[in-house]
Amino acid sequence: MDCMNQKLASKNHLELMSEVKAHAKPLTRSQKEKLESYIGTTKTFYAIGADMEKQIIKRWIKKHPDLAVSEYMELLGSLYQGESCNEISLAGGLLKSLPKLRKTIEPKYLDGWLNRVQGWGEVDSMCQSKFSATEVLTKWEKWKSLLTKLASDDNVHKRRASLVLLTKPVRDSEDTRLADLAFANINRLKLDREILVTKAISWLLRDLIKNHRQRVEKYLEENEDTLPRIAVRETKTKLLTGRKAPTRKKMTS
Numbered sequence: 390m391d392c393m394n395q396k397l398a399s400k401n402h403l404e405l406m407s408e409v410k411a412h413a414k415p416l417t418r419s420q421k422e423k424l425e426s427y428i429g430t431t432k433t434f435y436a437i438g439a440d441m442e443k444q445i446i447k448r449w450i451k452k453h454p455d456l457a458v459s460e461y462m463e464l465l466g467s468l469y470q471g472e473s474c475n476e477i478s479l480a481g482g483l484l485k486s487l488p489k490l491r492k493t494i495e496p497k498y499l500d501g502w503l504n505r506v507q508g509w510g511e512v513d514s515m516c517q518s519k520f521s522a523t524e525v526l527t528k529w530e531k532w533k534s535l536l537t538k539l540a541s542d543d544n545v546h547k548r549r550a551s552l553v554l555l556t557k558p559v560r561d562s563e564d565t566r567l568a569d570l571a572f573a574n575i576n577r578l579k580l581d582r583e584i585l586v587t588k589a590i591s592w593l594l595r596d597l598i599k600n601h602r603q604r605v606e607k608y609l610e611e612n613e614d615t616l617p618r619i620a621v622r623e624t625k626t627k628l629l630t631g632r633k634a635p636t637r638k639k640m641t642s
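Here my numbering is used: the first residue of the sequence shown is 390, the next is one more, and so on.
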């Protein structure tokens, strides 16, 4: 990062975080501990709510209509180095809200950005429904290389990312390249019992049902004994009912 871009990234970063801090609500120690436990982080957290975060991002984008690709990338890199959950979440919001700029991102950058994430919430804020099937397929060899690498990483957050990044693409496209890679990563990680991974395996299998139902059924049949139990249970339920979990019957008097 050259000096000028670094200063600009810091300025933009500070603008966004100043807004976050200005709207943050105080948390009791008990509330803070519950929140940290839920999202799996020990980082600083400013309680602003999802709607307020969206408003902050929307206002900031309106103030910066001519944001260049280089400025966008420097800001994302700066936010992903941040010390709070909110900075990671803001970066995710900027990925979602600026699709034209997002499409210029080289997949390799995600590997570095994932070094600082902590807990499922931060992984998913970067990876869930951010990159479409078209975006992934347009740079297929680069995405395939990244996702294969992430699935074998010692960092559990990267292993989760290798699955979550594929959920939207396999749901939105019938392209067999996406499904082949999804099943390959699931197969590579099926013995991993980290909860961040087991739940993501279930998620990806369930999203594969839309366009690859028979493959999912066959894969379950052949791998039921080695897949995480939660993945088998939730995927079978989705195949039978269309839901992740069975509908609870109402109590009758």
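By construction, the Cβ of each residue, glycine as well, lies at the ideal position given by its N, Cα and C atoms.
*Residues that A436 bridges to, as DSSP identifies them*: Counted from its first residue, the sequence shown places residue 436 at position 47. In the DSSP output, where bridge partners are listed per residue, A436 has K414.
*Y427 classed as buried or exposed, judged by whether at least 16 other C-beta atoms fall within 10 angstroms*: Within the sequence shown, the letter at position 38 stands for residue 427. It counts as exposed.
_Which same chain residues end up closer than 7 Å to Y435 when comparing Cβ atoms and leaving out the 5 residues on each side of it in sequence?_
If you number the sequence shown from 1, residue 435 lands on position 46. If we look at Y435 and ignore the five residues flanking it on each side, its Cβ neighbours are V409, K410, A413, S473, N475.
*Report, in whole angstroms, the separation of the C-beta atoms of L567 and L555, which I expect to be a contact under 8 Å.*
One-based indexing of the sequence shown puts residue 567 at position 178. One-based indexing of the sequence shown puts residue 555 at position 166. Contact holds; Cβ gap of about 7 Å.
*Going by the beta-carbon positions, is the gap between L539 and R548 smaller than 9 Å?*
For this step, residue 539 is matched to residue 150 along the sequence shown. For this step, residue 548 is matched to residue 159 along the sequence shown. Yes; because the gap between Cβ atoms is below 9 Å, this pair is in contact.
*Rounded separation between K432 and L479 - CA only*: Here residue 432 refers to the residue found at position 43 when the sequence shown is read from its first residue. Here residue 479 refers to the residue found at position 90 when the sequence shown is read from its first residue. If I take the Cα positions, the gap works out to 15 Å.
*Rounded to a whole number of angstroms, what is the C-alpha to C-alpha distance between N574 and A457?*
Mapped onto the sequence shown, residue 574 falls at position 185. Mapped onto the sequence shown, residue 457 falls at position 68. About 35 Å.
*Express the C-alpha separation of K492 and N576 in angstroms, rounding to a whole number.*
As a first step, residue 576 is located in the sequence shown; it is residue number 187 there, counting from the start. As a first step, residue 492 is located in the sequence shown; it is residue number 103 there, counting from the start. Those two C-alpha atoms are separated by around 29 Å.
*Among residues of its own chain, excluding the 5 on either side of K627, which ones have a beta-carbon nearer than 7 Å to its beta-carbon?*
Counting from one through the sequence shown, the residue named residue 627 turns up at place 238. Here the set comprises R595, I598, K633.
*Hey, would you say S562 sits closer than 9 Å to N600, going by beta carbons?*
Sequence index remark: in the sequence shown, residue 562 carries index 173 (1-based). Sequence index remark: in the sequence shown, residue 600 carries index 211 (1-based). Yes, the pair counts as a contact, with Cβ atoms nearer than the cut-off.
*Where T641 falls, given that 16 or more other Cβ within 10 Å makes a residue buried*: As a working note, residue 641 is residue 252 in the sequence shown. Confidence at T641 is low in this model, with a pLDDT of 48, below 50, so its placement is unreliable and the value that follows should be read with caution. The residue is exposed, with fewer than 16 neighbouring Cβ atoms inside 10 Å.
_Reference L616; option with closest CA among E583, G429, I437_ = Position 227 of the sequence shown, counted from the first residue, corresponds to residue 616. The residue with the shortest Cα to Cα distance from L616 is E583.
_Any 3 or more C-beta pairs closer than 8 Å across the region 515-524 and the region 481-489_ = yes
_Buried or exposed for P558, going by 16 or more other Cβ atoms inside 10 Å?_
Here residue 558 refers to the residue found at position 169 of the sequence shown. It is buried - the Cβ of P558 has at least 16 other Cβ atoms within 10 Å.
*Rank K497, L468, K489, I494 by C-alpha distance to the C-alpha of K400 and give the top, closest one.*
For this step, residue 400 is matched to residue 11 along the sequence shown. That would be L468, whose Cα lies nearest to the Cα of K400.
*In angstroms, rounded to a whole number, what distance separates the CA positions of P635 and K452?*
By 1-based counting over the sequence shown, the position of residue 635 is 246. By 1-based counting over the sequence shown, the position of residue 452 is 63. Rounded to whole angstroms, P635 to K452 spans 47 Å at the Cα level.
_Is M515 close to chain D? Criterion is C-beta to C-beta, closer than 9 Å._
Looking at the structure shown, chain D is missing, and only one protein chain is on hand.
*Identify the continuous alpha helix (DSSP H) that holds T488 and give its terminal residues.*
Mapped onto the sequence shown, residue 488 falls at position 99. It is Pro, not Thr, that sits at residue 488 in the sequence shown. Unbroken alpha helix (DSSP H) run through P488: 488-491.
*If I'm right that S486 touches I446 with Cβ under 8 Å, what's the distance once you round it to whole angstroms?*
Along the sequence shown, read from residue 1 onward, the residue named residue 486 stands at position 97. Along the sequence shown, read from residue 1 onward, the residue named residue 446 stands at position 57. The Cβ separation is near 6 Å, so the contact holds.
_My assumption, with CB atoms under 8 Å, is that E495 sits in contact with W449. Please give the rounded CB distance._
Position 106 of the sequence shown holds residue 495. Position 60 of the sequence shown holds residue 449. Rounded, the Cβ-Cβ distance is 24 Å, inconsistent with contact.
*Under three-state DSSP, which class holds S426?*
One-based indexing of the sequence shown puts residue 426 at position 37. DSSP places S426 in helix when its eight states are reduced to three.
*asked:* Does the region 494-510 come into contact with the region 519-533, if we say contact requires no fewer than three beta-carbon pairs (one atom in each stretch) closer than 8 Å?
replied: yes
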